[in-house]
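Undergrad: Below is the structure I would like to discuss, written out as structure tokens.
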Amino acid sequence: MTGVEQAQYQKVPTDESEAQTLASADLDYMKSHRFEDVPGVRRHLVRKSTKGQIVHVSKEHREPSARHRKHDRQPHEVFVELNELMVDKNQEMQWKETARWIKFEEDVEEETDRWGKPHVASLSFRSLLELRKTLAHGAVLLDLDQKTLPGVAHQVVEQMIISDQIRAEDRANVLRALLLKHSHPSDEKDFSFPRNISAGSLGSLLGHHHSANHVGEGAEPAVTEPLIGAVPVEHEVQIDIEREKEVLTPPPPAGITRSKSKHELKLLEKIPDNAEATVVLVGCVEFLDQPTMAFVRLQEAAELDSVLEVPIPVRFLFVLLGPSSANMDYHEIGRSISTLMSDKPFHEAAYLADDRHDLLNAINEFLDCSVVLPPSEVQGEELLRSVAHFQREMLKRREEQERRLLLEPKSPEEKALLRLAVAEAEAEDDPLRRTGHPFGGLIRDVRRRYPKYLSDFRDALNPQCVAAVIFIYFAALSPAITFGGLLGEKTENLIGVSELIISTALQGIIFCLLGAQPLLVIGFSGPLLVFEEAFYTFCRSNGLEYLVGRVWIGLWLVLIVLVMVAFEGSFLVRFVSRFTQEIFAFLISLIFIYETFSKLAKIFQEHPLHGCEQADANGTSEDAADLGVRNGTAAPGNGTWSPAGTQVTGQPNTALLSLVLMAGTFFIAFFLRKFKNSRFFPGRIRRVIGDFGVPIAILVMVLVDYSIQDTTYTQKLKVPSGFSVTAPEKRGWVINPLGEKDPFPIWMMVASVLPAILVFILIFMETQITTLIISKKERMLQKGSGFHLDLLLIVAMGGCFALFGLPWLAAATVRSVTHANALTVMSKAVAPGDKPKIQEVKEQRVTGLLVAVLVGLSIVIGELLQKIPLAVLFGIFLYMGVTSLNGIQFYERLQLLLMPPKHHPDLPYVKKVRTLRMHLFTGLQLVCLAVLWAVMSTVASLAFPFILILTVPLRMFLLARIFTDHEMKCLDANEAEPVLDEREGIDEYNEMPMPV
Numbered sequence: 001m002t003g004v005e006q007a008q009y010q011k012v013p014t015d016e017s018e019a020q021t022l023a024s025a026d027l028d029y030m031k032s033h034r035f036e037d038v039p040g041v042r043r044h045l046v047r048k049s050t051k052g053q054i055v056h057v058s059k060e061h062r063e064p065s066a067r068h069r070k071h072d073r074q075p076h077e078v079f080v081e082l083n084e085l086m087v088d089k090n091q092e093m094q095w096k097e098t099a100r101w102i103k104f105e106e107d108v109e110e111e112t113d114r115w116g117k118p119h120v121a122s123l124s125f126r127s128l129l130e131l132r133k134t135l136a137h138g139a140v141l142l143d144l145d146q147k148t149l150p151g152v153a154h155q156v157v158e159q160m161i162i163s164d165q166i167r168a169e170d171r172a173n174v175l176r177a178l179l180l181k182h183s184h185p186s187d188e189k190d191f192s193f194p195r196n197i198s199a200g201s202l203g204s205l206l207g208h209h210h211s212a213n214h215v216g217e218g219a220e221p222a223v224t225e226p227l228i229g230a231v232p233v234e235h236e237v238q239i240d241i242e243r244e245k246e247v248l249t250p251p252p253p254a255g256i257t258r259s260k261s262k263h264e265l266k267l268l269e270k271i272p273d274n275a276e277a278t279v280v281l282v283g284c285v286e287f288l289d290q291p292t293m294a295f296v297r298l299q300e301a302a303e304l305d306s307v308l309e310v311p312i313p314v315r316f317l318f319v320l321l322g323p324s325s326a327n328m329d330y331h332e333i334g335r336s337i338s339t340l341m342s343d344k345p346f347h348e349a350a351y352l353a354d355d356r357h358d359l360l361n362a363i364n365e366f367l368d369c370s371v372v373l374p375p376s377e378v379q380g381e382e383l384l385r386s387v388a389h390f391q392r393e394m395l396k397r398r399e400e401q402e403r404r405l406l407l408e409p410k411s412p413e414e415k416a417l418l419r420l421a422v423a424e425a426e427a428e429d430d431p432l433r434r435t436g437h438p439f440g441g442l443i444r445d446v447r448r449r450y451p452k453y454l455s456d457f458r459d460a461l462n463p464q465c466v467a468a469v470i471f472i473y474f475a476a477l478s479p480a481i482t483f484g485g486l487l488g489e490k491t492e493n494l495i496g497v498s499e500l501i502i503s504t505a506l507q508g509i510i511f512c513l514l515g516a517q518p519l520l521v522i523g524f525s526g527p528l529l530v531f532e533e534a535f536y537t538f539c540r541s542n543g544l545e546y547l548v549g550r551v552w553i554g555l556w557l558v559l560i561v562l563v564m565v566a567f568e569g570s571f572l573v574r575f576v577s578r579f580t581q582e583i584f585a586f587l588i589s590l591i592f593i594y595e596t597f598s599k600l601a602k603i604f605q606e607h608p609l610h611g612c613e614q615a616d617a618n619g620t621s622e623d624a625a626d627l628g629v630r631n632g633t634a635a636p637g638n639g640t641w642s643p644a645g646t647q648v649t650g651q652p653n654t655a656l657l658s659l660v661l662m663a664g665t666f667f668i669a670f671f672l673r674k675f676k677n678s679r680f681f682p683g684r685i686r687r688v689i690g691d692f693g694v695p696i697a698i699l700v701m702v703l704v705d706y707s708i709q710d711t712t713y714t715q716k717l718k719v720p721s722g723f724s725v726t727a728p729e730k731r732g733w734v735i736n737p738l739g740e741k742d743p744f745p746i747w748m749m750v751a752s753v754l755p756a757i758l759v760f761i762l763i764f765m766e767t768q769i770t771t772l773i774i775s776k777k778e779r780m781l782q783k784g785s786g787f788h789l790d791l792l793l794i795v796a797m798g799g800c801f802a803l804f805g806l807p808w809l810a811a812a813t814v815r816s817v818t819h820a821n822a823l824t825v826m827s828k829a830v831a832p833g834d835k836p837k838i839q840e841v842k843e844q845r846v847t848g849l850l851v852a853v854l855v856g857l858s859i860v861i862g863e864l865l866q867k868i869p870l871a872v873l874f875g876i877f878l879y880m881g882v883t884s885l886n887g888i889q890f891y892e893r894l895q896l897l898l899m900p901p902k903h904h905p906d907l908p909y910v911k912k913v914r915t916l917r918m919h920l921f922t923g924l925q926l927v928c929l930a931v932l933w934a935v936m937s938t939v940a941s942l943a944f945p946f947i948l949i950l951t952v953p954l955r956m957f958l959l960a961r962i963f964t965d966h967e968m969k970c971l972d973a974n975e976a977e978p979v980l981d982e983r984e985g986i987d988e989y990n991e992m993p994m995p996v
């Protein structure tokens, strides 16, 4: 009999010698399987039933070697399934799956028979105490050498009898209950492949009880007779079993296996590959006088047919059966042991346990880190935050203690060796470590990164890279168009959209081919826009040629970056702490928001609102439109741009339409970003819609503007058709360093070193901080970064490209983080409700290269870009400014200035720093920001990068004297950290938004 051939059914021995032989065999068997010393083991090794018959299990057993046992007891990830004994619709008893654990608990909803949302299991304290009590007195079988459920069930029943938990006459009933059929919520959904009854399920072959709720007592003779009858009866049962097995489970053809259902495949994606299962069986049966429990750990994990809803090998089994009169909640105890097994420290202890006491100690440790809520009514969730904070502190202390015990050396020599090894490892992995040789950091970057050059192209052969190219193309093109339009306004079209697109494409191609960190996206930024405006204003007020001055700044930039790289100056980024980073990030967001409303106010000034009578007096809207046509600036319907470029003013409805276009673009992009983490539509659709929110917003509002049939005028983006500069009448592609129209002053050639230093400060800070964010340890990048090489390439390219009148670029933080996120592969084996974990990042050069090429080819669609109203770009600027505020601690602390302390969030810098001291730190940052803004708004605006860099020594010397080390650690971490929020991940399994 398959599954039952391990058990031999015999009559009671007739003589004393045979009984002693069997008793000795049982004792040797228990020793080999490490059965626990429980009550009744020494008193009765062989128990007699009232009918004079016994069930005796005899099996050859070999003690596994220590090496083999150590390998088998290696802890694995655990999948837990709770099965309860219930009556199905045919009034037959079966094991029904009611809950499962993949880190978090998921319950089957009784009314709909579907899975609910994953949640943290909340357990009653009494159920944990009852579980500990039953585990202390029940049967514990460790390293049981069985491969099938019937074999395990027979051993469990025998141990229950030995430990005086059940009577010998209850053997057959308990055995039949353990081998009943298992059902799962997914069974009814899988119509093509219905789940077969287990091949060894004796309960389905020997008949069932017909009871409303419990297994009755009166059915015992009908079930036990075939099990303990004479040999001829046993032979007939064997024949019936074999016949029914042939009918129920016909042998599959050679090489063909049953395909997994969609439900199984989807669930298996969430379970780690090396996971082993724990089966918890709890139920109420009336034929027992007292509860009986067994905890089983198999020597080797084995797949038990039709027990689990997914084919995963089973390592642990927990059985709890008992009468309803025991005043015990079997369901809650089942949830308790299931939650314990899903807890990583406990199931690791279960794998390594040598006896019952190890399991009990593991329960004690679990209780030490648990929180008991008193039975009081909680009105709001705000009051429960302290509970979560208290438990986090407990868990943190436990992790620190475990880490300390694991890594703590036992001798001074070991401590010294450990410190030396850690220092060497950190020095080897630190790309900012100085070598002490000229260009030593640059040479080390080349040696570390270029040997992996070919793999940068092989790793791009992945569908995810294709999707990243499409997404990042729009993410890079939208800011290029937006900044290009504003830069054209600031510089009177000397540098505009055409120059910015070409510069983004050419520098992007060169950087992706030669750079050390190709995940960086090169682009224009807000601080560079402020500097360009300030330098243009300076040149115009002093009668200097703006483009020629930029050429000399570019030449000085090349010299400065060579000196900086020669002395390995990239290590200076270590001194740029959160204090300076957040001021810089907040300034960028403030520039975006200010520029939006400043340009909108300018439109309202140029096109003031008119009353009806005043509009009639000044002429109809058609007349105004005709005026625009005559001036060569507006055409009927949409007011497209023409080369004449004469400014149009006083147009009716222009200000209101510009306001609608700006607000519409902002709200569409903003809410599509929020929609990505909503509960509508599947996760992939939400992610696509959210990632392409900015292009969708631009497209929608351009269509709105185009669809207006009246003659309302809106100013459009000025883009030349084809490969041409923005203003051909003012400049060409090559700039003469000695002067275009008049000789350039020699004193300005030398003095250009000062603005060159300021530009270098901006590029240095943005590029190096962005590289630090991309190279975080959490991303698990394998190929490393090159701070010196990347800085040299970006600054040198900007300096050389200034000769062609192209703008300087830097590593764009938001776009680079988005690029890295788009290439991040998240692990599919994520517990439902848990945060996705980073599996790898596709480090390659192809995506950035293709994005740069596509951005360059976008210059040929100039006619389409001319349809974009500037008000739409203002909406994108507002969107960039508002969304960039997320994650800036300085912005969060500014909000706390307006909140009572009782409403402050539960954050370290709030709980560990006094409120007044926290506000003082925020006030100092606010003063620095105000000084920067004041400098930027005056004629000294060129010096604002220098004022920004002064915040570094201010933090190092002044703030270090005002605040303690503990306060500075909470408020200002001395390491570069991301201050801009990254794209949130989504758990596709349960469609719940979860952060990365």
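Going letter by letter, the sequence shown gives residues 1 to 996 in full-length UniProt numbering.
Backbone N, C-alpha and C define an ideal beta-carbon position, used for all residues, glycine too.
So, with DSSP's three-state summary, where would you put Gln464?
TA: Looking at Gln464 - three-state DSSP - the assignment turns out to be helix.
Undergrad: List, from N- to C-terminal side, the beta strand (DSSP E) runs of 3 residues or more that fit wholly inside the segment 786-852.
TA: Runs of the beta strand (DSSP E) inside the segment 786-852: 824-826 and 838-841.
Undergrad: In whole angstroms, what separates the C-alpha of Cys284 from that of Arg673?
TA: Answer to the nearest angstrom: the Cα atoms are 51 Å apart.
Undergrad: Could you tell me whether the Cβ atoms of Asp972 and Phe579 are closer together than 7 Å?
TA: The answer is yes: Cβ separation under 7 Å.
Undergrad: Taking Cβ positions, are Thr654 and Tyr713 nearer each other than 7 Å?
TA: Yes, these two residues count as a Cβ contact at 7 Å.
Undergrad: Using the three-state DSSP reduction, which class does Pro905 fall into: helix, strand or coil?
TA: In the structure shown, Pro905 sits in coil (DSSP, three-state: anything other than H, G, I, E or B).
Undergrad: Please list the segments of the alpha helix (DSSP H) lying wholly inside the segment 883-961, counting only runs of 4 or more residues, in order along the chain.
TA: Runs found: 889-896, 908-911, 915-936 and 944-949.
Undergrad: Could you compute how far the alpha carbon of Tyr546 sits from the alpha carbon of Phe483?
TA: The straight-line gap from Cα to Cα measures roughly 18 Å.
Undergrad: Leu772 by DSSP, collapsed to three states: which one?
TA: Note: Leu772 maps to helix in three-state DSSP.
Undergrad: With 16 other CB atoms within 10 Å as the buried threshold, where does Asn364 fall?
TA: By the neighbour-count rule (16 or more Cβ atoms within 10 Å), Asn364 is not buried but exposed.
Undergrad: What's the C-alpha gap between Ile708 and Leu699?
TA: Using only the alpha carbons, I get a separation of about 15 Å.
Undergrad: DSSP three-state label for Leu267, please.
TA: Correct three-state label for Leu267: helix.
Undergrad: Can Val795 and Ser498 be called in contact, C-beta distance under 7 Å?
TA: No.
Undergrad: Report buried or exposed for Cys970, applying the criterion of at least 16 other Cβ atoms within 10 angstroms of its Cβ.
TA: So Cys970 counts as buried.
Undergrad: Can you name the residues that DSSP bridges to Asp107?
TA: Per DSSP, Ala99.
Undergrad: With DSSP as the reference, please indicate the residues paired to Cys284 in a beta bridge.
TA: Beta-bridge pairing links Cys284 to Gly322.
Undergrad: Could you tell me which residues DSSP puts in a beta bridge with Met293?
TA: Answer by DSSP bridge pairing, in chain order: Leu320.
Undergrad: For Ala476, is the classification buried or exposed, using 16 other Cβ atoms within 10 angstroms of its Cβ as the cut-off for buried?
TA: The residue in question, Ala476, is buried, as its Cβ has 16 or more Cβ neighbours within 10 Å.
Undergrad: Out of Trp933, Arg893 and Leu142, point me to the one whose CA is closest to residue 997's CA.
TA: Within the shown structure, residues of the chain are numbered from 1 to 996, placing residue 997 beyond reach of any answer.
Undergrad: Given a cut-off of 7 Å on the beta-carbon distance, is the pair Leu338 and Leu141 in contact?
TA: The displayed chain sequence assigns Ser, not Leu, to residue 338. Result no, Cβ atoms of Ser338 and Leu141 do not sit closer than 7 Å.
Undergrad: Report the option in Ser324, Ile668, Ile553 and Phe804 whose CA atom is closest to the CA atom of Leu506.
TA: When each option's Cα is compared against that of Leu506, the closest is Phe804.
Undergrad: Identify the continuous alpha helix (DSSP H) that holds Leu865 and give its terminal residues.
TA: It spans Gly862 to Leu865 - the alpha helix (DSSP H) in which Leu865 sits, taken as one unbroken run.
Undergrad: Buried or exposed for Gln391, please, with buried defined as at least 16 other CB atoms from any protein chain shown within 10 angstroms of its CB.
TA: So Gln391 counts as exposed.
Undergrad: If we call anything under 7 Å between Cβ atoms a contact, is Gly881 one with Ile593?
TA: It is a contact, given that the beta carbons lie within the stated cut-off.
Undergrad: Of the residues Val387, Glu377 and Thr112, which one's Cα is nearest the Cα of Cys369?
TA: Comparing Cα positions, the closest option is Val387.
Undergrad: Hey, would you say Ile838 sits closer than 7 Å to Thr824, going by beta carbons?
TA: It is a contact, given that the beta carbons lie within the stated cut-off.
Undergrad: What does the Cβ neighbour count give for Asp305, buried or exposed, with the cut at 16 atoms within 10 Å?
TA: So Asp305 counts as buried.
Undergrad: Between Phe874 and Thr596, is the Cβ-Cβ spacing less than 7 Å?
TA: Going by C-beta atoms, Phe874 is nearer than 7 Å to Thr596.
Undergrad: Could you give the DSSP three-state label for residue 1035: helix, strand or coil?
TA: The question about residue 1035 has no answer here: the residues shown for the chain are numbered 1 through 996.
Undergrad: If you follow the beta strand (DSSP E) that Met749 is part of, which residue opens it and which one closes it?
TA: Counting along the chain, Met749 falls outside any beta strand (DSSP E), though it belongs to the alpha helix (DSSP H) covering Ile746 to Ala751.
Undergrad: Among residues of its own chain, excluding the 5 on either side of Glu303, which ones have a beta-carbon nearer than 8 Å to its beta-carbon?
TA: These residues qualify, in order along the chain: Pro311, Ile312, Pro313 and Val314.
Undergrad: Using DSSP with H/G/I as helix, E/B as strand and the rest coil, what is Arg684?
TA: If DSSP states are grouped into helix, strand and coil, Arg684 belongs with the helices.
Undergrad: Just the Cα atoms here: how many angstroms apart are Met293 and Val87?
TA: Looking at the two C-alpha atoms, the distance is approximately 21 Å.
Undergrad: Out of Leu432, Glu97, Phe921 and Ala756, which has the shortest C-alpha to C-alpha gap to residue 1000?
TA: Coverage of the chain is limited to positions 1 through 996, which leaves residue 1000 absent and any answer about it impossible.
Undergrad: Rounded to the nearest angstrom, what separates Thr771 and Pro945 at their Cα positions?
TA: Approximately 20 Å, taken between the alpha carbons.
Undergrad: Can you tell me which of Ile746, Met748 and Arg731 puts its alpha carbon nearest to the alpha carbon of Glu740?
TA: Closest option to Glu740, Cα to Cα, is Arg731.
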